[in-house]
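Colleague: My structure is below; once you've seen it, I'll send some questions.
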Amino acid sequence: MSVFGRDQLNAWTPPVARAEGFVLCTAFEAILKGIFECEWPISEVFAPRKPPLDMLFRILVEPRAFEVAERHGLALHTCVDATRAVELALRCAAQGKRAVVFVPNDQLHTAMNVLAREDGGRSSGEGRVVLVLEDNPYLSSMACPLQSASQLGLPCLTPSTVAGLRIGIQDAFRFAQATERVVALIAHVGLLRSMDTLEVEPNRMLDRADAALELRRNRRPTRGAEREEPLAIARRLELNQLSAMPSPGEMEPWGMIAMGTCVMAIRHLLEELGLSGRVPLLALSMSHPLDGASLVRLLSRCANVVVLEPRPGMLAREVLQVAEQARRGGEKIAAIWWDRLPSDGAVEPVLEMNDATRPSILARKIAHLLSRIRPSLMVQERLLDVVAQTESIEVPDRGEGIGVSGAMDSLRSIVREVADQFSSRIETGAQGIRTGIIFENREAPESDRFVVIETWDRRRFAREGAAAVRQGARDVKSRILAVCDLGGEDTPEIEQLTRAAIAQDAAGSVEIMSGDLNDRPTFRELLRSAVLRDGLTVVIGRDGPPPRRDVYLLDRAFAEVDRMGFVPMQRAIWSAEAACDVRPAAPAIMVEKGLERGTNPLKTEFKVEVLADRTGTQFQFHARPLLEQVEVLRTKPPRPEELQPGAPRPAPPRIIHADSGRWRAHLAGWRGEAPGLAALALCEAGRSMGYRVQAVSQSIPIGPGRRAWSQVVFTSLDAIASTFATQIPYGEADVVIGLDAVETVRALGPDPFLRVAHRDRTYLVANTGLLDDQVDAEDFKAAGELPMAASYMCRGDGVLLMDVANICRRTFLTERLTDLVLLGMAFQQGLLPVSESALEAAVRRIEERGYGRCVQAMQYGRVLAAERTRLMNLPLGAGEIKDRGPEGLARLVRRIDLEISESGFFARRSRGRFRLLMRELLQTMSPLSGTRVGRAARRDAVTGLHRCWLWGGMTYAETYARLLRGLARADSANDGWPLLVYAPLPLAEVMLIRDLVFVATMSTSLEQRRLTRRRLDVRAGRGDRMERRFLNRIEVTVFGRFIRLDFRSSDWPAKVIRTLSWLVPLGVRGKLSERAGRDAVTEMVVRAAAEPERRNSWGAFFARLHESAVDGTLLSLDEKSIRALATEWLSASEIVADNDDAIRSATATSHRTSPPNPF
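Under numbering that gives the first Met the number 0, the residue at position 837 of the sequence shown is numbered 836, and the numbers go up by one with no gaps.
Structure representation (structure tokens):
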């Protein structure tokens, strides 16, 4: 690569303020730069603030960029929607001003209706309007900008590069001046999300002489030369370019017509295959009106022509019209293909939407056509083969559960649950009638009355909701409009819009209800009550507070964390019973379970219900801690020991790709501004090194404050700018940096739009740990496939996998810095072709933009990569994600002994007996210390022994130890100790019944306080403060009434219960079903100890129970289910043969060596 020095003072000057040289521009910076360079002064820009147009408003936040806009008299207006933006622009044009309007694809039709109403946007005087139309085929498949603009007769420009966007503004206003019409500049969404290095020119001069010339130009009439037809201007500007045309009389077998970003894809493909100059190509930068002369010239010299466009069939219609006219004139015209291509002998390839914009997909669709041009190329053999092992990996959909789509899915699922409830039972109302629900064309059961439920999103309700409310108010049938109030602040409030649409005579029949979509039980009850009433009911489902689905609100919530670089106030809420788990669950899973009551779980509630059937009602009383809330207040961020002043810094690495002519990086997952903080650091470091930098990003939300992917390309400034596409073709990524493990797996194989890696080329630096929001089994399964996918798709000597998210949580108290830690690790591995000073300056620049501790994170990543063998201290299992690792057995024993000594006078009296009992149990299980599962079983046994002592004293703990010693006598090393490995955990879980006394004891124990501090990394020496609150529930049934009280308190109720626990007899603790389940498992343990010859069958049974204990489903099994599991491994004949005498004999043998079982 060509590396040369640059003026560092100009390196960070905003592109719109630069007058010369090469600058790195986003698509919107290129458009603004084109506005400032335009020959005609442009004073107004109108745009709605929504992705991807929101990047436009961030540009002028920079003070120097704002000064340039102010000096040029440019005003940037935020509009509610595109309709209003077009209306305001047309008014400005009527006043003699020039304006640019940005129109999102999903608002195209309403914006074009304004132009149609205004006679197609014809203007008089000097006022002109240019529309920048977003083309997003996947988001709005039925709204084609080219079709809508051509129907109104608007000239349409379709630039193919970021540089084309800058020049396109000047060209668009040149067309507007000549035609006195509105001009459309159609930009593909991939182009709008791109960055490129451009050579800029000075902005328009703004002195007195220039103002005088402009005044004279406005006074005199427009010259005739400026009143030209669009085609004449297009030909003079050479917007439509023909290349590789055969000589007259020659005929090529295949030719191509491409528009917009498809031009870059086909040029890239032809260049890579060595067919550049061999295939005739018509690159259209003006797609309407079509240049018939150039088109006929191509069609008459080719036997077949393929039309490449993002939406197959839109441009092809106009091409067919021109071809038919030429055919009628006697021309011999080529066969035209657009969506369906000629068969390759096996299948008939079909061009789907956006296929022609991606070189790799396009190559596989037209490879057999290119082989006919030059058979010796063997195109099919040059294409990357699909690896079946990675192709078959199942990954969850992006952003599942967040955003409008996730909220709508949740709303529909709640409606289906309510419908199922009504279809399975009769409501016991005053009238006792059956109610059926009609939803999503489902057949409602036979009922006395029917209720229709419709689901709406916020934007659709803002457009069509008023008419639906008026119609529903007149309808005699009961109807519910369930509205998801999520996804846009530019729409009116749903409740206000509903009330405004209700007529006065129908106000009594319409009711408005609102609830939290995240609180499923409460919202389900809200829908149920709406079903039972007559008339129209509008049920509004909101997201929080706090938000859990709204992407915009989630991003705003994470903005403060990104600014400070750590979480100043951390709140965690989980079930109080979590303290009773023998193996602590991951904090994210605990929080998810604890939030089932809604987004404000610790809310005091009082409820009284009159029981319908009072016969046989007895007095009942239940009380227990329900939820635990932990709040941690931090005053200062931690600083890693490796980054303290005076600590040695790693030596700069040797750059692996120093001699490469092109370098590509794929970043799986990013945060912050597009294309992500890590990608921005790479881009700015590359520009300071003198490279030509290009980037593209995909901003689909994949989690709270996290987007899908971004890609960065470095080349020499001497490289031809128009010969390759920015998006990485299959297998051509030099390095993959994976923030999100699931997204990394997707990039390596399953996603047909990515597949960026190749085992002979690609290096991988990736985080293997799940992030805080990834708690589903699908995420865990997909992330677990990352090592396998890396072994197939990446270099064997170039894979660095580490749970960096876990390290960042305990080092920086947040996982948000994981991306920059990974960037530092990739640099230290020599995978980034930039210097240490360039990268550090770029990261420091990002930190100055309001993202805290970026430099520390990058430097820590370098240290982590240099000394990863010493610093890797990760959990062995998938459980305690935020812990510092599994606690050693010796330390666990010492801690338990210390906790017993500090638990009071009576506890200290039994300390010696418990210490001896624990030593004997460890001695019994000492053969298990040689394996990982054996060490885990010993930890489970020690923890279970201590918990049994807390639950029922020494007698209960001795019972647990006696049962395990019995299994040890029946077990064998030849079979791998199946009983001792798998029995300790499920036996402890069933013996530790979660009653009021045990939950209160564990909630106030020293162990739980220590574990909570360790989970959340609370350190008093750093000034951290931790407060714990509990939600307690009291339920009373008395006098035919059910009374429930949920109240918030500190831990004083639990301490009182723990103090008085000795008054409660052990035989009555827990529910009858829980005691029966405990007795069933202990009976199986006794049987297994008495039958050593069947240890393998019993080991398989306990292995099943062990799996249920690990995934948290063991306690949901009743006695019958446990015994049914036993029958799967012991035949019925064997169970019958084991008569009661044998059981009594085995029990008596056990009793001769141990104290009686208390239960």
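The beta carbon of each residue, even a glycine, is placed where N, CA and C say it ideally should be.
(1) Report the option in T260, L280, A233 and C261 whose CA atom is closest to the CA atom of P245.
(2) Inspect the beta-carbon positions of G747 and M792 and report whether they are closer than 9 Å.
(3) For the beta strand (DSSP E) that contains T77, what are its first and last residues?
(4) Use the C-beta contact count for Q827: other C-beta atoms within 10 angstroms, 16 or more gives buried, fewer gives exposed.
(5) Smallest Cα separation from D658: which of G860, R1086, P832 and I572?
(6) Counting only runs that start and end within the segment 4 to 77, where is the beta strand (DSSP E) found for 3 or more residues in a row?
(7) With distances taken Cα to Cα, identify the nearest neighbour of R173 among F101, Q106 and P40.
(8) When the Cα of I452 is compared with those of R300, M568, R478 and S423, which residue comes out closest?
(9) Measuring only the C-alpha atoms, how far is V129 from P144?
(10) Would you call the segment 658 to 667 in contact with the segment 32 to 46, where contact means no fewer than 3 C-beta pairs closer than 8 Å?
(11) Assign D561 to buried or exposed, taking buried as 16 or more other Cβ atoms, counted over all protein chains shown, within 10 Å of its Cβ.
(12) Let me know the secondary structure DSSP gives V892 once reduced to three states.
(13) Can you name, in chain order, every residue of its own chain whose Cβ lies under 6 Å from the Cβ of T1003, other than the five neighbours on each side?
(14) When we look at the beta-carbon of P624 and count the other beta-carbons within 10 Å, is it buried (16 or more) or exposed?
(15) Quick check: the segment 409 to 417 against the segment 524 to 531, are there 3 or more CB pairs under 8 Å?
(16) Mind pulling the beta strand (DSSP E) runs of 3 or more residues that sit fully within the segment 1033 to 1097?
(17) Taking the alpha carbon of D1110 as the reference point, which residue from R582, D134 and V67 has its own alpha carbon closest?
(18) For the segment 436 to 517, which segments carrying the alpha helix (DSSP H) assignment without a break, of at least 4 residues, lie completely within its bounds, in sequence order?
(19) Do M54 and Q693 have their beta-carbon atoms positioned less than 9 Å apart in this structure?
(20) C155 by DSSP, collapsed to three states: which one?
(21) Give the DSSP-derived three-state secondary structure of S1107 in the structure shown.
(22) For A1102, list the residues DSSP reports as bridge partners.
(23) Taking the alpha-carbon positions, what's the A684 to V22 distance?
(24) Taking the alpha carbon of T958 as the reference point, which residue from L995, N973 and L920 has its own alpha carbon closest?
(25) Cα-Cα, which of S293, Q619, R946 and R57 is closest to I992?
(26) Determine the direct distance from the alpha carbon of L531 to that of A429, and round the result to whole angstroms.
(27) Run through DSSP, which three-state label would N766 get?
(28) Beta-carbon within less than 6 Å of D549's beta-carbon, same chain only, minus the 5 sequence neighbours each way: which residues are those?
(29) Under a three-way DSSP split, which group does I128 fall into?
(30) Quick check: the segment 799 to 818 against the segment 711 to 718, are there 3 or more CB pairs under 8 Å?
(31) Using the Cβ count rule (16 or more neighbours within 10 Å means buried), how would you classify E879?
(32) Is it right to say A680 is buried, meaning 16 or more other beta carbons lie within 10 angstroms of its own, or is it exposed?
(33) Where L666 and L753 are concerned, what is the direct C-alpha to C-alpha distance, given to the nearest angstrom?
(34) Quick check on E251: does DSSP put it in helix, strand or coil?
(35) Using a Cβ-Cβ distance under 9 Å, would M990 count as near chain D?
(36) Cutting at 7 Å between CB atoms, please list the residues of its own chain near R869, excluding the five before and the five after it.
Modeller: Let me spell this out:
(1) Answer by Cα proximity: L280.
(2) Note that residue 747 corresponds to Leu in the displayed sequence, not to Gly. It is a contact, given that the beta carbons lie within the stated cut-off.
(3) For T77, the enclosing beta strand (DSSP E) starts and ends at A74 to C78.
(4) Per the 10 Å Cβ criterion, buried.
(5) The shortest C-alpha separation from D658 is found at P832.
(6) Runs found: 21 to 25 and 43 to 47.
(7) Nearest C-alpha to R173: P40.
(8) The shortest CA-to-CA distance from I452 to any of R300, M568, R478 and S423 is the one to R478.
(9) Between V129 and P144, the alpha-carbon positions lie close to 14 Å from each other.
(10) No, the segment 658 to 667 does not touch the segment 32 to 46.
(11) The residue in question, D561, is buried, as its Cβ has 16 or more Cβ neighbours within 10 Å.
(12) In the three-state DSSP reduction, V892 falls in the helix class (H, G or I).
(13) Shown here for T1003: same chain residues with a beta carbon closer than 6 Å to its own, the five before and five after excluded, namely D1050, A1053, K1054 and R1057 in chain order.
(14) Residue environment analysis places P624 among the buried positions, since at least 16 neighbouring C-beta atoms fall within 10 angstroms of its C-beta.
(15) These segments touch.
(16) Contiguous beta strand (DSSP E) elements confined to the segment 1033 to 1097 occur at 1040 to 1048, taking only those with 3 or more residues.
(17) Per the Cα distances, R582.
(18) Entirely contained in the segment 436 to 517, the alpha helix (DSSP H) runs reaching 4 residues are, in chain order, 457 to 473 and 493 to 500.
(19) In this structure, Q693 keeps its C-beta atom at 9 Å or more from the C-beta atom of M54.
(20) For C155, the secondary structure class from DSSP, reduced to helix, strand or coil, is strand.
(21) DSSP, read as helix, strand or coil, puts S1107 in helix.
(22) According to DSSP, A1102 bridges with nothing at all.
(23) Straight through space, the alpha carbons of V22 and A684 are spaced by roughly 12 Å.
(24) For T958, the closest C-alpha among the options L995, N973 and L920 is that of L920.
(25) When S293, Q619, R946 and R57 are compared, the shortest CA-CA separation from I992 is found for R946.
(26) Any reading at A429 must be qualified, since the residue scores a pLDDT of 45, below 50, and its modelled position is unreliable; the value itself is stated next. A429 and L531 have their C-alpha atoms spaced approximately 11 Å apart.
(27) In the structure shown, the three-state DSSP call for N766 is strand.
(28) Once the five neighbours on either side are set aside, the close Cβ partners of D549 are L485 and D542.
(29) For the sequence presented, residue 128 should be read as Val rather than Ile. Residue state, collapsed to three classes: strand.
(30) Short answer: they don't touch.
(31) Below a pLDDT of 50, predicted positions are generally treated as unreliable, and E879, at 32, falls in that range; the measurement from the model is reported next regardless. The residue is buried, with at least 16 neighbouring Cβ atoms inside 10 Å.
(32) The residue in question, A680, is buried, as its Cβ has 16 or more Cβ neighbours within 10 Å.
(33) Their Cα atoms are separated by approximately 11 Å.
(34) Three-state result, E251: strand.
(35) The structure shown contains no chain D, having only a single protein chain.
(36) Because the pLDDT at R869 is just 49, under 50, the model does not fix this residue reliably, and the point stays unresolved.
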